[in-house]
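Residue numbers (the working numbering), protein chains in the order written: chain A, 965 to 1238; chain B, 965 to 1238; chain C, 3 to 316; chain D, 3 to 316.
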Amino acid sequence: MIDTPGIVESNDELTTGYRLLTLRFDQDINARAGQFAMLKASDAYEPLLRRALAVYRAHGPRRLSFLYQVMGRGTEALSHLGGGGRVEALVPLGNSWPVDTLAPGERAVVVAGGIGSASVLMLCEQLARAGVDTHVLFGASSGRVAIGCGLEDFQALGLPLTVTTDDGSLGEKGFVTAPLERMLREERGARSVVYACGPWVMMRRVSEITSAFAARCLVSLEAPMGCGFGVCVGCVVAVNTREPLGYNSYRRVCIDGSIFPAEAVRWDVSAMPH
Amino acid sequence: MIDTPGIVESNDELTTGYRLLTLRFDQDINARAGQFAMLKASDAYEPLLRRALAVYRAHGPRRLSFLYQVMGRGTEALSHLGGGGRVEALVPLGNSWPVDTLAPGERAVVVAGGIGSASVLMLCEQLARAGVDTHVLFGASSGRVAIGCGLEDFQALGLPLTVTTDDGSLGEKGFVTAPLERMLREERGARSVVYACGPWVMMRRVSEITSAFAARCLVSLEAPMGCGFGVCVGCVVAVNTREPLGYNSYRRVCIDGSIFPAEAVRWDVSAMPH
Amino acid sequence: MTFTTPGANERDERLAVEIAGVRFSNPVMGASGTFGYGLEFSELIDLNRIGGFSTKGLSARPLPGNPPPRIVETHGGMLNAIGLQNIGARAFVEEKLPALRKYDTRIIANVFGYSDEDYIEAIRILNDGNGIDAYELNISCPNVKEGGIVIGGSPSAAARLTEKARRATARPLIVKLSPNVTDIAEMARAIAGAGADSLSLINTLVGMSVDVNTRRPRLNFGTGGLSGPAIRPIAVRMVHEVAKAVDLPLIGIGGIASPMDALEFIIAGATAVQIGTANYYDPRVTEKVVAGLSEYCDRHAVESITSLVGSIIR
Amino acid sequence: MTFTTPGANERDERLAVEIAGVRFSNPVMGASGTFGYGLEFSELIDLNRIGGFSTKGLSARPLPGNPPPRIVETHGGMLNAIGLQNIGARAFVEEKLPALRKYDTRIIANVFGYSDEDYIEAIRILNDGNGIDAYELNISCPNVKEGGIVIGGSPSAAARLTEKARRATARPLIVKLSPNVTDIAEMARAIAGAGADSLSLINTLVGMSVDVNTRRPRLNFGTGGLSGPAIRPIAVRMVHEVAKAVDLPLIGIGGIASPMDALEFIIAGATAVQIGTANYYDPRVTEKVVAGLSEYCDRHAVESITSLVGSIIR
Ligand SMILES: Cc1cc2nc3c(=O)[nH]c(=O)nc-3n(C[C@H](O)[C@H](O)[C@H](O)COP(=O)(O)OP(=O)(O)OC[C@H]3O[C@@H](n4cnc5c(N)ncnc54)[C@H](O)[C@@H]3O)c2cc1C
Ligand SMILES: Cc1cc2nc3c(=O)[nH]c(=O)nc-3n(C[C@H](O)[C@H](O)[C@H](O)COP(=O)(O)OP(=O)(O)OC[C@H]3O[C@@H](n4cnc5c(N)ncnc54)[C@H](O)[C@@H]3O)c2cc1C
Ligand SMILES: Cc1cc2nc3c(=O)[nH]c(=O)nc-3n(C[C@H](O)[C@H](O)[C@H](O)COP(=O)(O)O)c2cc1C
Ligand SMILES: Cc1cc2nc3c(=O)[nH]c(=O)nc-3n(C[C@H](O)[C@H](O)[C@H](O)COP(=O)(O)O)c2cc1C
Ligand code: FES
Ligand code: FES
């Protein structure tokens, strides 16, 4: 983890409300798949807090890309950054997607929901390099949003890919969890390890499906973050423990995660603001 | 007074820390010499308050220029504006320089100290047009700052002009009040009306000099402003009244001014933060 | 989605509210000390389009106020120590009211005094004025050495003054609470018990800013009142607490700069809101908030904004 | 002008201060709840370069804290309702202290309990730990249903707990004040009279934020504590008031994000400062403030920062 300024190389809009930010650093940053950064425009008085963005892509140790959706004040401020602009960055943060744990014969199913795609592109690259039998399920609200969520980058990987859109404007109509359920039901012999990142409701459903089919499942969670490095204890998620309200009831998404085994998460207590 | 957005046409740095901002409006604004505007970048959360800037030049009713010095957060935010940017503007505000009151045979002496020059260029233009015998005394800390304060625009008017700089890097070395005192002492017959805008200490000295020589003097004051249109009562200056602490002890710079007769001002109570 | 939003002149009946028998065409008002005597805004907005406003604090006799500097900006807000410079109750009645009566908007006279007697004297003078819809007792001004916050910090002193004011007028009586207290609910109960018709909150929080180069306070008065978006969370919390403690209509105040801000107060328990500091940096904010409330009613199929008052889900 | 500013490793003697017999190499500390257990910052800054830090609130037994969401950002600040999730006094002594002792920085153990007995029990456990330089009694946490602010809002309850804590330890005792009171000076006098060695202020102000679309509070707990630059003017004012009321060394806290901010507190009367929320969005802010204080001393020819404490000119 280092706190260092990044210089904006580009900050292009892919489709309305979705941007790709590329930063240059003067120090090496060894980001692993699934890790994230806390970012803020250097001269911004408001908002105060940095925003968590997954490392979308690492072009060598000193050049990182972030794919983000413009939601509110923080990402809005980031969207105003032009080339040469300065960003305060704390990076790399959080744990990473475990891939070495894949047993022979196991296959990987990567489920990306909306902008959740940002935290799994590097995972897919890694699985492809390792020659793991991988299937990508890519869900978005529409074809336009799918482009904003980096669909073309995923297609370029050449992995088997199923696209779903809520409005049916691209690929299969419906939620990304439908093809997942189909795959797990159909799979003969092969055992799947499911990697999922997306909205809370999607991941909750993914975990229901994977537990029904006794498939291992890992999820990358979101939570409002104050610091990103474990000191504010504001980003917690409720986890299953022996004693109902013991000391270990809550885990910090930023440092104990953001990646958790799906079965460890108490999906009835959302970590996200309603 | 109208509250209307202005579109940035240009926002060029004249010398480090001094900029010329030109805005286009879609409504007619009839700004008189000495009036000002309250300005703020449209998408800026911080600082909250608009900043007061004198109308430096009016290029027709829908195009106004402002000359400003980058001091703190507000002018800093303005300095980041690029062409096409949006500014919230409340304009025109305050009273204006009285010129019609000049009696035949009276001559005008315009004293500009530092960025105070911004509120007297239009006055000089007007005096030149009216063919009034006018002398401009232009003071700045250095030659570089003089350029930032628009010296070239004043020279272009072709009026008799005396430049002073604190460091002597341009024109006469010393304060602008020195040539003023000389002029008033030397003037044979002719009666002078002095128009002054600059730092509080400069204007206090100007008023001492003019009262010593019984010359009429008008000053444009500065004060921290909350609203610019008379409702916060935050921008007051102490004025001379019959009863020491009567109701009329304080006047609002934004609406009762910003231009006051020098003798009305209580120079022992500064309107500005120390 | 704003199709049912009424045009510039037409009024949105969904937004009408009532406080102590006074009907406001909408719950959006200008806050005392930030809206002058109302007329200053006639060039900028249509005064008929806002629910009403509260005047600058009026005292029995005109007051000069404090020496400058009187204001300083802070992060998310500002400090002020105006010291209640005002034209006095008599001048308001004679010079301002006649012109104000031309507008179809509610006029709340904000009243200040250094002693109970001062307050009552000011009310007596204002009683002569036609067109004043209610009084708002400012017992929470932090920028004077007596009166104001001194009364606003003590339940007994506040109740005593409220009783006297109650006897001095038949007009609706709003008492404005100070946030600089340990227990705002206790203050509210004391004042409600003394006969107030409504409570408005919050006034400013006492603050200070120091110029580290001169080592002097940035305000000549030393301390000042903190206002603006910075204090909104404190104000929303206090409105929520007071709404649970008393059943008087409340007027929510503190850092409101958008329709969503106003709705936070209404949902927390305020029947109406007052907008202060935002008028300085966004002079048409009151009209904008009214329009935004109509849009919210469209989006959420709200038939009357009164149904949202205190509708917070816990 | 920064020529005399010492290098990364060399220390600036001008910045040394003393509180209750404890020497701090400089007056800049991390505030409780924003600095973890200190070690979290060892990767980001040189812990030997800051004056010290206050731990997350420690209770006799570990606490789980409140359900999420626990934080929400506001204009110029944030609300939190962590609910004192902490590893417990015993685990701090056994798992954190040994590693912390390696650093030459002051360690303040922030102590919390639901009752007087809880506080004392936590102190007893911490008494076993070597390397704790002082205790900071958190009687001002707004995010728990008992203890904390309930005690911090009552001079008698605060004095009573302070006396018990005084008897329970020989270590320097700092009591952290709640800003949610009518008269902070009265609180300070009561606690000073009960034997506190120093006072730290302020803790957070109770606030609330509402999601107007769901009509629910944005924090699961409902209310939360407001911190950040938004509250700085309130904190500076309270430090100034308390400095006039008692003659104990004060630790100023509230919205500090720059050297100039820290100096406002020192000039207003604080011997040292703690930086909280700013650590989240500027993790190296403590070191930056230390460097900025050295530069100020250069610029203003200050030989010892102690000469600035309470040097405000009125
Ligand atoms: C580990 C992690 C990785 C993330 N990676 C990405 C990414 O690669 N691309 C991307 O577009 N978004 C990502 N997000 C979500 C992103 O952080 C939020 O969209 C962003 O914080 C919203 O801030 P805002 O200022 O735009 O919205 P605001 O509404 O202003 O945010 C207000 C507050 O709510 C919090 N918040 C709001 N939405 C979210 C959310 N979805 N998740 C977490 N906090 C939220 C913010 O942190 C902020 O504190 C990630 C979140 C986490 C926790
Ligand atoms: C009527 C009038 C006309 C002005 N015309 C010009 C102009 O044409 N060009 C120009 O460069 N400046 C002008 N000023 C001064 C300008 O308004 C200040 O420089 C500016 O407000 C500083 O704001 P800041 O955010 O940069 O500094 P900050 O330090 O952030 O300002 C903090 C606060 O102090 C106030 N303040 C600080 N310096 C001044 C000052 N000199 N005068 C008034 N308030 C101040 C600001 O309004 C703000 O509220 C004028 C001021 C007034 C009152
Ligand atoms: C400059 C200024 C002057 C004020 N004067 C008064 C006053 O005379 N009487 C009063 O009751 N409140 C006064 N207030 C308080 C406001 O009415 C309001 O309660 C407070 O500013 C909080 O709202 P805001 O954050 O929207 O400004 C004043 C506020 C400001 C900023
Ligand atoms: C997330 C969070 C947790 C906190 N936890 C504690 C705590 O455990 N004990 C305590 O005394 N203060 C706690 N505080 C209060 C801070 O120490 C500090 O007093 C307050 O935040 C004001 O300072 P700031 O504005 O610099 O943050 C906490 C503050 C925050 C933001
Ligand atoms: S964001 Fe602060 S602990 Fe996780
Ligand atoms: S700036 Fe508000 S009255 Fe002058």
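Where is the CB? At the ideal position from N, CA and C, for every residue including glycine.
Note that the structure is predicted; figures quoted are calculated from it, not measured.
Would a C-beta distance cut-off of 8 angstroms place residue i and residue j closer than the cut-off?
i                  : j                  : result
LEU179 of chain C  : LEU201 of chain C  : yes
PRO231 of chain D  : ALA259 of chain D  : yes
ARG316 of chain D  : VAL208 of chain C  : no
VAL1140 of chain A : GLY1107 of chain A : no
GLY256 of chain C  : ILE233 of chain C  : yes
LEU987 of chain A  : VAL972 of chain A  : yes
ALA266 of chain D  : ILE52 of chain D   : Checking the displayed sequence, the identity of residue 266 of chain D turns out to be Glu instead of Ala. The answer is no: Cβ separation not under 8 angstroms.
ALA247 of chain C  : ALA187 of chain C  : yes
ALA1202 of chain A : TYR1211 of chain A : no
PHE94 of chain C   : GLY54 of chain C   : no
ALA1179 of chain A : VAL1158 of chain A : yes
LEU221 of chain C  : PRO235 of chain D  : no
SER1081 of chain B : GLY1114 of chain B : yes
LEU17 of chain C   : VAL292 of chain C  : yes
ILE268 of chain D  : LEU310 of chain D  : yes
ALA170 of chain C  : ILE122 of chain C  : yes
ALA190 of chain D  : VAL244 of chain D  : yes
GLY38 of chain D   : ARG63 of chain D   : no
THR164 of chain D  : ILE204 of chain D  : no
LEU1134 of chain B : ILE1173 of chain B : no
Can you round the beta-carbon distance between residue i and residue j to whole angstroms, since I take them to be within the 8 angstroms contact cut?
i                  : j                  : result
ALA274 of chain D  : ILE21 of chain D   : 6 angstroms
VAL1019 of chain A : ALA1005 of chain A : In fact, because the Cβ distance is near 18 angstroms, the residues do not count as touching under 8 angstroms.
THR1129 of chain A : LEU1101 of chain A : Going by Cβ atoms, the distance from THR1129 of chain A to LEU1101 of chain A rounds to 12 angstroms, so no, they are not a contact pair.
LEU1123 of chain A : CYS1161 of chain A : Not really, about 16 angstroms apart at Cβ, beyond 8 angstroms.
Mind checking the segment 92-117 of chain C against chain B and listing, in chain order, the residues whose C-beta falls within less than 8 angstroms of any C-beta there? none
Residues in the segment 34-46 of chain C with C-beta within 8 angstroms of chain B's C-beta atoms, listed in sequence order? GLY35, THR36, PHE37, GLY38, GLU42, PHE43, GLU45 and LEU46
Could you list the residues in the segment 262-290 of chain C with a C-beta less than 8 angstroms from some C-beta on chain D, going in chain order? MET262, LEU265, GLU266, ILE269 and ALA270
Flag this pair as touching only if the segment 1038-1045 of chain B and the segment 1136-1151 of chain B have three or more C-beta atom pairs under 8 angstroms; answer yes or no. The segment 1038-1045 of chain B, when compared against the segment 1136-1151 of chain B, does not touch it at the 8 angstroms Cβ threshold.
Three CB pairs or more closer than 8 angstroms across the segment 304-313 of chain C and the segment 1067-1087 of chain B: No, they do not touch.
Beta-carbon distances below 5 angstroms to any heavy atom of ligand 2 define the shell here; list its residues in chain order, please. B:PHE1000, B:ARG1015, B:ALA1016, B:LEU1017, B:ALA1018, B:TYR1032, B:GLN1033, B:MET1035, B:GLY1036, B:ARG1037, B:GLY1038, B:THR1039, B:ILE1079, B:ALA1082, B:GLU1186, B:PRO1188, B:SER1222 and C:GLU75
Hey, is the segment 210-229 of chain C in contact with the segment 185-201 of chain C, meaning 3+ C-beta pairs nearer than 8 angstroms? no
Taking only beta carbons into account, state which residues of the segment 1205-1220 of chain A come closer than 8 angstroms to chain D, listed in chain order. LEU1209, GLY1210, TYR1211, ASN1212, SER1213 and TYR1214
May I ask you to list, following chain order, the residues of the segment 196-212 of chain D that have a beta carbon less than 9 angstroms from some beta carbon of chain C? LEU207, VAL208, GLY209, MET210, SER211 and VAL212
With contact counted as at least three CB pairs below 8 angstroms, one residue from each stretch, are the segment 67-82 of chain D and the segment 1177-1192 of chain A in contact? Yes, since at least three Cβ pairs between the segment 67-82 of chain D and the segment 1177-1192 of chain A fall closer than 8 angstroms, the two stretches touch.
Members of the segment 157-184 of chain C near chain D, C-beta cut-off 7 angstroms: ASN182, VAL183 and THR184
Three CB pairs or more closer than 8 angstroms across the segment 1011-1020 of chain B and the segment 1049-1063 of chain B: The segment 1011-1020 of chain B makes contact with the segment 1049-1063 of chain B; the number of CB pairs closer than 8 angstroms reaches 3 or more.
Any contact between the segment 85-95 of chain D and the segment 63-70 of chain D? By contact I mean 3 or more CB pairs, one from each, below 8 angstroms. yes
Scan the segment 998-1019 of chain A for residues whose Cβ lies nearer than 9 angstroms to a Cβ of chain B and list them as they occur along the chain. ASP1007, ALA1008, TYR1009, GLU1010 and PRO1011
Could you name the residues of the segment 1167-1188 of chain B whose beta carbon sits closer than 7 angstroms to any beta carbon of chain C, in the order they occur along the chain? ALA1187 and PRO1188
Could you name the residues of the segment 1044-1063 of chain B whose beta carbon sits closer than 8 angstroms to any beta carbon of chain C, in the order they occur along the chain? Shown in chain order are the members of the segment 1044-1063 of chain B whose Cβ falls below 8 angstroms from a Cβ of chain C: GLU1052 and LEU1054.
Interface positions of the segment 57-75 of chain C facing chain B (Cβ-Cβ less than 9 angstroms), listed along the chain: LYS58, ARG63, PRO64, LEU65, PRO66, GLY67, ASN68, PRO69, PRO70, PRO71, ARG72, ILE73, VAL74 and GLU75
For ligand 5, list every residue whose C-beta falls under 7 angstroms from any of its heavy atoms, going in chain order. This criterion selects A:MET1189, A:GLY1190, A:CYS1191, A:GLY1192, A:PHE1193, A:GLY1194, A:VAL1195, A:CYS1196, A:VAL1197, A:GLY1198, A:CYS1199, A:ARG1216, A:VAL1217, A:CYS1218, A:ILE1219 and D:TYR282.
Residues of the segment 1109-1125 of chain A with Cβ closer than 7 angstroms to any Cβ of chain D, in chain order: none
If we count Cβ pairs, one from each stretch, closer than 8 angstroms, do we get three or more for the segment 25-43 of chain C versus the segment 1222-1230 of chain B? no
If you pair each beta-carbon of the segment 973-982 of chain B with each one of the segment 1026-1039 of chain B, do three or more pairs fall below 8 angstroms? yes
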